[in-house]
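A short write-up of the structure that comes next.
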Amino acid sequence: MAPNKKPYQNFLDNLRHAAKAISLAPSALEKLETPEAIHEFQVAFERDNGERVIVPGYRVQHNSARGPYKGGIRFHPEADLDEVKALAALMSLKCAVVNIPMGGGKGGVTVNPKELSHSELERMSRAYFRIGTEKGVFGVNRDVPAPDVYTTPEIMAWMMDEHEKILGYKSPGVITGKPLELGGSLGRSYATSQGGFYILQNYLQSIGKKPSDITVAIQGFGNAGSYFAEMAQEAGCKVRAVSDSQGGLMHHEGGFAVEKLHKYKQEGGSLRGNFCEGDTCDIKKMEEEKVTMLSNEELLQLDVDVLVLAALDGVVHRENAEKIQAKAILELANGPVTAEADAMLEKRNIDVLPDILANAGGVTVSYFEWVQNRSGDVWEEEYVNSKLKKIMDHAFDDLIQIKRKYPNASYRQAAFILGMERITNAMGLRGQI
Ligand code: GLU
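Numbers given in our numbering equal positions in the sequence shown, counted from 1, plus 1486.
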């Protein structure tokens, strides 16, 4: 874990920094500093051996001035209230930055889902959503969850089903990121990466570069990282290095063929596992494939044009920020750069394309899913992606306008300013401030 990991304080630091730049009224700032509601659940479920266990669950509803609360649910052993609060607040800003009519919320259960059987996972997921439904927390016009770390379309299906059983009628729009068969949207599975890739294209254009001019390193080869690698390769970027939780691989020259990376992962269980067992690595195979092993920490410090952070939060912090050599960072994960590290990178002129812009493609297509569910319509994939592109392009342009108005603002600060202005305008119109 990163030194001094304090997610909510991190959020407050960023919020106050941006509020200062626009001289936001203290009453408005105070509202944004405080979630509208915090729900704590005792999630009780049965293990396969009949034992009854209780794990802590949370749903934080940060702000709903612009629409129903929106944001994922994560299952993680380190998920706690402080983290969920921070992530809920980031969702309010994220939805505002891309200008979709939703507020911000987040859920979490402190559990290691890898230690649960499939049926235990189902019982726990249903129990979490049952409590939230019975307490009136979730609802299609109230609070609309989605997947986040270690939660999947299948889990969304269980949760929707539990909700509908209690309601006694269908309400697929209560949750997004569902399987296609149950009202999921085409394009949702890769939407986070697609949105991030549109932002990268906009950014490169703004600095006079083309995708084929650049090298990238990607930390994280889960859903977001692997789709992003494919898009980067297709556009001509050189994918120099990738990693997963077991470690990373760097290509000696040029970049990886992403199909190979999928093959490595499949055959070896992890990227590294394809070449090494414990500390013993197959040197011959590595040479043939032009591959070097590297740790996650080494990957972060590679001299590439763009470092893509697609793993967990807090991975770039004050102890390693000075060692970053990439020219720019794109945040596909939530909160991967701490506020302290952000300030250090800013001083060194390393641009950070922040999570609340760069990974907003996921929630944007979630919003499309919600619209489709409420209207009973089914959109074609090309239509989803063309609408997503327009939204991401607009958000980037809006950010550039803010940067023109506040020339000292970093991308993160500009995104906070944009989100904050939109939310406080909505609060003002409602007479809340
Ligand atoms: N968990 C994703 C995020 O952090 C998606 C949220 C959603 O689709 O509502 O943006």
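Beta carbons: idealized from backbone N, C-alpha and C, even for Gly. These numbers come from a predicted model, not from an experiment.
For this session: Reducing DSSP to helix, strand and coil, say where G1734 ends up.
Result: To locate residue 1734, count along the sequence shown from 1; it is residue 248. In the structure shown, G1734 falls within a strand segment according to DSSP collapsed to helix, strand and coil.
Exercise. If you draw a straight line from the alpha carbon of E1606 to that of F1531, how long is it in whole angstroms?
Worked result: Here residue 1606 refers to the residue found at position 120 when the sequence shown is read from its first residue. Here residue 1531 refers to the residue found at position 45 when the sequence shown is read from its first residue. The C-alpha of F1531 is placed about 8 Å away from the C-alpha of E1606.
Problem set entry | Residue range of the beta strand (DSSP E) that includes Q1811 | Taking the sequence shown and counting its residues from 1, the one referred to as residue 1811 is at position 325. Premise fails: Q1811 is in no beta strand (DSSP E) and is neither H nor E.
Exercise. Exposed or buried, Y1869, counting other C-beta atoms within 10 Å across all chains shown (16 or more means buried)?
Worked result: Position 383 of the sequence shown, counting from 1, holds the residue named residue 1869. Y1869 should be labelled exposed.
Exercise. From this set, A1727, A1743, F1742, which residue's C-alpha is nearest M1736's C-alpha?
Worked result: For this step, residue 1736 is matched to residue 250 along the sequence shown. Looking at the Cα atoms, A1727 is the closest of the given residues.
Exercise. Can you find a heavy atom of the ligand GLU that lies under 7 Å from the Cβ of V1849?
Worked result: Taking the first residue of the sequence shown as 1, we reach residue 1849 at position 363. V1849 Cβ: within cutoff of the ligand GLU.
For this session: Check the C-beta distance from L1839 over to I1815 and give it rounded, since I have them as a contact under 8 Å.
Result: Numbered from 1 along the sequence shown, position 353 holds the residue referred to as residue 1839. Numbered from 1 along the sequence shown, position 329 holds the residue referred to as residue 1815. Right, the Cβ-Cβ distance comes to about 7 Å (below 8 Å), so this counts as a contact.
Exercise. On the three-state DSSP scale, how would you describe A1530?
Worked result: Reading the sequence shown from its first residue, position 44 is the one you call residue 1530. In the three-state DSSP reduction, A1530 falls in the strand class (E or B).
For this session: Below 8 Å on the Cβ atoms is my guess for Y1636 versus P1599; work out the distance and round it to an integer in Å.
Result: Taking the sequence shown and counting its residues from 1, the one referred to as residue 1636 is at position 150. Taking the sequence shown and counting its residues from 1, the one referred to as residue 1599 is at position 113. The pair is a contact, with the Cβ atoms about 5 Å apart (cut-off 8 Å).
Problem set entry | A1881, enclosing alpha helix (DSSP H) - first and last residue | As a position in the sequence shown, residue 1881 is number 395, starting the count at 1. According to the DSSP assignment, A1881 belongs to the alpha helix (DSSP H) that extends over 1867 to 1891.
Exercise. What did DSSP end up calling K1749 once you bin it into helix, strand or coil?
Worked result: On the sequence shown, position 263 is the one that residue 1749 refers to. Helix, per DSSP.
For this session: Excluding the 5 residues preceding and the 5 following L1757 in the sequence, name in chain order all residues of the same chain whose CB lies nearer than 8 Å to its CB.
Result: Reading the sequence shown from its first residue, position 271 is the one you call residue 1757. Same-chain partners within the cutoff: F1707, V1728, S1729, D1730, Q1732, G1733, G1734, L1735, L1747, Y1750, K1751.
Problem set entry | Whole-number beta carbon distance between S1603 and G1589, since they are thought to touch under 8 Å | Here the question's residue 1589 lines up with position 103 in the sequence shown. Here the question's residue 1603 lines up with position 117 in the sequence shown. Contact check for G1589 and S1603: beta-carbon distance about 35 Å, past the 8 Å limit, so the pair fails to qualify.
For this session: Could you tell me which residues DSSP puts in a beta bridge with H1525?
Result: Counting from 1 along the sequence shown, the entry for residue 1525 is found at position 39. In DSSP, H1525 forms a bridge with R1545.
For this session: Examine the ligand GLU and report whether any of its heavy atoms sits within less than 7 Å of the Cβ of T1778.
Result: Numbered from 1 along the sequence shown, position 292 holds the residue referred to as residue 1778. In this structure, the C-beta of T1778 stays at least 7 Å away from each heavy atom of the ligand GLU.
For this session: Return the Cβ separation of V1546 and G1618 in integer angstroms, given the expectation that the two are a contact with Cβ distance under 8 Å.
Result: Within the sequence shown, residue 1546 is the residue found at index 60, counting from 1. Within the sequence shown, residue 1618 is the residue found at index 132, counting from 1. Not confirmed; about 12 Å, so no contact.
Exercise. DSSP puts G1754 in a beta bridge; with which residues?
Worked result: Taking the first residue of the sequence shown as 1, we reach residue 1754 at position 268. Answer by DSSP bridge pairing: none, since G1754 is not bridged.
Exercise. Any idea if Y1713 is buried or exposed, counting beta-carbon neighbours within 10 angstroms, 16 or more meaning buried?
Worked result: As a working note, residue 1713 is residue 227 in the sequence shown. Here Y1713 is buried, its C-beta having at least 16 other C-beta atoms within 10 Å.
Exercise. What's the C-alpha gap between C1767 and L1798?
Worked result: Here residue 1767 refers to the residue found at position 281 of the sequence shown. Here residue 1798 refers to the residue found at position 312 of the sequence shown. So the alpha carbons of these two residues sit roughly 27 Å apart.
Exercise. Counting Cβ pairs, one atom from each stretch, are 3 or more of them under 8 Å apart for the segment 1888 to 1900 and the segment 1501 to 1510?
Worked result: Cβ pair count under 8 Å is three or more, so yes.
For this session: Pull up the DSSP beta-bridge partners for Q1705, would you.
Result: Reading the sequence shown from its first residue, position 219 is the one you call residue 1705. Residue pairing by DSSP places Q1705 opposite S1729, L1795 in a beta bridge.
Exercise. Which residues in the same chain have their Cβ closer than 6 Å to the Cβ of F1742, if we skip the five residues on either side of it in sequence?
Worked result: One-based indexing of the sequence shown puts residue 1742 at position 256. Taking F1742 as the centre and dropping the five residues before and after it, the same chain places the C-beta of V1725 closer than 6 Å to its C-beta, in chain order.
Exercise. Which whole-angstrom value describes the C-beta separation of L1795 and L1780, a residue pair presumed to lie in contact below a C-beta threshold of 8 Å?
Worked result: Along the sequence shown, read from residue 1 onward, the residue named residue 1795 stands at position 309. Along the sequence shown, read from residue 1 onward, the residue named residue 1780 stands at position 294. Actually they are not in contact, since the Cβ atoms of L1795 and L1780 sit about 16 Å apart, beyond 8 Å.
For this session: Report all residues from its chain with a CB closer than 7 Å to the CB of V1851; omit the five preceding and five following residues, and keep chain order.
Result: What you label residue 1851 is simply residue 365 of the sequence shown in a count that begins at 1. Apart from the 5 residues on each side of it in sequence, V1851 sits with its Cβ closer than 7 Å to the Cβ of S1671, G1673, R1674, A1677, V1870, L1874 in its chain, given in chain order.
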